[in-house]
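Chains as they are written, first to last, in numbering that gives the first Met the number 0: chain A, 0 to 137; chain B, 0 to 157.
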Amino acid sequence: MKDQHDPVTNDEYVLRRISNNPQWYKLGCDEPIQRVAFVPNKNDIDGISVFREMFVTARRVAEAGENKKGYYVARLSVAELENLGLTVRPDPQDGQPPGHSLIPQLSFPAYENNPDTCKEIQRKLVKLACVGIVYTPP
Amino acid sequence: MFAKTNISDVMSRAETSYDGSRHVLKPDIFLSNISLEIEKQWQVIIDNLCDISRLKDNWDGEGAEVPDGKVLESVIDLCNQSCARKVLPPTRVVVSPLGDIILEWQKDGQYLEAEISEPYVARWMLELPNKPTIHWKSNWRSSTGSNINSDDIDYIAA
Numbered sequence: 000m001k002d003q004h005d006p007v008t009n010d011e012y013v014l015r016r017i018s019n020n021p022q023w024y025k026l027g028c029d030e031p032i033q034r035v036a037f038v039p040n041k042n043d044i045d046g047i048s049v050f051r052e053m054f055v056t057a058r059r060v061a062e063a064g065e066n067k068k069g070y071y072v073a074r075l076s077v078a079e080l081e082n083l084g085l086t087v088r089p090d091p092q093d094g095q096p097p098g099h100s101l102i103p104q105l106s107f108p109a110y111e112n113n114p115d116t117c118k119e120i121q122r123k124l125v126k127l128a129c130v131g132i133v134y135t136p137p
Numbered sequence: 000m001f002a003k004t005n006i007s008d009v010m011s012r013a014e015t016s017y018d019g020s021r022h023v024l025k026p027d028i029f030l031s032n033i034s035l036e037i038e039k040q041w042q043v044i045i046d047n048l049c050d051i052s053r054l055k056d057n058w059d060g061e062g063a064e065v066p067d068g069k070v071l072e073s074v075i076d077l078c079n080q081s082c083a084r085k086v087l088p089p090t091r092v093v094v095s096p097l098g099d100i101i102l103e104w105q106k107d108g109q110y111l112e113a114e115i116s117e118p119y120v121a122r123w124m125l126e127l128p129n130k131p132t133i134h135w136k137s138n139w140r141s142s143t144g145s146n147i148n149s150d151d152i153d154y155i156a157a
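Structural data, given as structure tokens:
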């Protein structure tokens with residue numbers, strides 16, 4: 000059994016919360032998720048958050064978020080993230096569900112310094128996430 | 000393709016806007032209904048922008064910022080100008096965690112977005128199937144003519 004601090008391997012899956020904000024997930028679109036779901040906020044200095052599926056359920060990840068409107072949760076393959084040039088770094092945190100990890104290539108500084116590259120990666124993540132929604136808000 | 004109205008697309012939507020009845024329309028009547036359909040869709044976008052204008056800091060519970068008021072005003076101005084010119088309405092408008100406004104168009108595997116983070120300036124991204132993504136920046140004039148943008152400055156300098 001792995002520990003949360005162990006390196007993430009490419010046979011794993013990670014879960015990404017997608018805030019149920021207006022229009023961020025729009026039913027009826029070919030791609031219902033908007034790429035802003037992968038835009039860091041200014042506190043995401045070390046990367047955007049994901050959770051290792053082997054340590055936590057999608058429901059728990061969604062319910063631990065602070066957004067009152069709730070969350071969708073997308074399941075992403077680490078191997079496919081690696082194909083996009085992304086890495087997943089373990090970052091267990093008190094006050095977060097187990098398995099908290101970071102994608103450092105999509106940190107706020109990375110987005111500020113290289114927005115066009117980050118936007119293209121976010122668009123590719125949208126395509127992966129659109130076929131990997133495993134939880135929808137009640 | 001995106002910047003101007005795709006007439007066949009609008010035509011099909013205009014037909015369905017007649018409760019499913021497809022009858023031959025006089026050209027002037029048909030055009031007026033295209034205009035109404037476009038106007039209706041742009042109005043939805045402007046309504047969404049008005050909702051965005053009412054957001055408070057930390058609106059997502061995770062530290063998201065609100066858009067700058069002048070940015071919002073400029074986007075609403077762009078929407079009004081685009082509606083008047085019968086530009087194809089966006090699929091949606093969203094605000095990012097950083098307070099940027101994004102107008103998005105999706106159609107047949109093509110994707111276009113305009114990200115506005117400063118007044119009257121848009122950063123565009125266009126994805127076409129099997130082609131490299133392209134990015135560019137442009138600005139537009141205020142309908143009131145009150146802003147001076149870089150195009151104007153270039154013109155004045157010339």
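Even for Gly, the Cβ is constructed at its ideal location relative to N, Cα and C. Quick caveat: nothing in here was measured; it's all calculated off a predicted structure.
Endpoints, beta strand (DSSP E) assigned at residue i
i, result
"A:I132", "132–134"
"A:Y24", "A:Y24 -> no beta strand (DSSP E), and no H or E assigned at all."
"B:A121", "120–126"
"A:A73", "70–76"
"A:P14", "Sequence check: residue 14 of chain A is Leu here, not Pro. Taken as a continuous stretch (DSSP letters only), the beta strand (DSSP E) holding A:L14 covers 12–18."
"B:R91", "91–94"
"A:N40", "From DSSP, A:N40 is part of no beta strand (DSSP E); its letter is neither H nor E."
"B:K130", "Careful: B:K130 lies outside any beta strand (DSSP E) and carries neither H nor E."
"A:L101", "99–102"
Closer than 8 angstroms at the beta carbon, the chain B residues around residue i
i, result
"A:Q33", "R91, V93, I101, E103"
"A:P6", "Result: empty, since nearest Cβ-Cβ is about 27 angstroms, beyond 8 angstroms."
"A:G64", "G60, E61"
"A:R58", "Residues of chain B passing the Cβ test: none, with the nearest at roughly 18 angstroms."
"A:K67", "G60"
Reduced DSSP category for residue i - H, G, I as helix; E, B as strand; rest coil
i, result
"A:V49", "strand"
"B:I101", "strand"
"B:A63", "coil"
"B:S116", "strand"
"B:L54", "coil"
"B:Q109", "strand"
"A:N9", "coil"
"B:S34", "helix"
"A:N66", "coil"
heavy atom of the ligand SAH below 7 angstroms from residue i C-beta
i, result
"A:L75", "This structure lacks the ligand SAH, and indeed carries no ligand of any kind."
Partner residues on chain A for residue i, Cβ-Cβ distance less than 8 angstroms
i, result
"B:L48", "Those do not exist, as B:L48 stays about 11 angstroms from chain A at its closest Cβ, beyond 8 angstroms."
"B:T143", "Going along chain A, no residue has its Cβ under 8 angstroms from B:T143, so there is no contact; the nearest lies around 28 angstroms."
Below-8 angstroms beta-carbon distance, residue i vs any chain A residue
i, result
"B:A63", "yes"
"B:E117", "no"
"B:D59", "yes"
"B:E126", "yes"
"B:P96", "yes"
Residue span of the alpha helix (DSSP H) that contains residue i, given as start and end
i, result
"A:A57", "57–62"
"A:L83", "Careful: A:L83 lies outside any alpha helix (DSSP H) and carries neither H nor E."
"A:N112", "107–112"
"B:V74", "68–83"
Test: residue i CB closer than 8 angstroms to a CB of chain B
i, result
"A:S106", "no"
"A:P21", "yes"
"A:S100", "no"
"A:R122", "yes"
"A:S143", "Outside the modelled stretch of chain A, which goes from 0 to 137, sits residue 143 of chain A, for which no answer is possible."
"A:D29", "yes"
"A:K1", "no"
Chain B contact residues for residue i, given Cβ-Cβ distances below 7 angstroms
i, result
"A:V38", "S95, P96, L97"
"A:C170", "Missing from the structure shown is residue 170 of chain A; chain A here goes from 0 to 137 and no further."
"A:N42", "G62"
"A:K25", "R91"
Below 8 angstroms, can you find three or more Cβ-Cβ pairs linking the region 42–49 of chain A to the region 111–131 of chain B?
no
Inter-stretch contact (C-beta, 8 angstroms, three-pair minimum) for the region 49–57 of chain A and the region 90–104 of chain A:
yes
The region 23–38 of chain A / the region 98–111 of chain B touching (three or more Cβ pairs under 8 angstroms):
yes
I want to know whether the region 105–121 of chain B touches the region 65–76 of chain B - three or more CB-CB distances under 8 angstroms.
yes
Touching or not, the region 99–108 of chain A and the region 77–87 of chain A, by the rule of three or more beta carbon pairs under 8 angstroms?
yes
Decide if the region 64–82 of chain A is in contact with the region 10–20 of chain A; the criterion is three or more beta carbon pairs, one per stretch, under 8 angstroms apart.
yes
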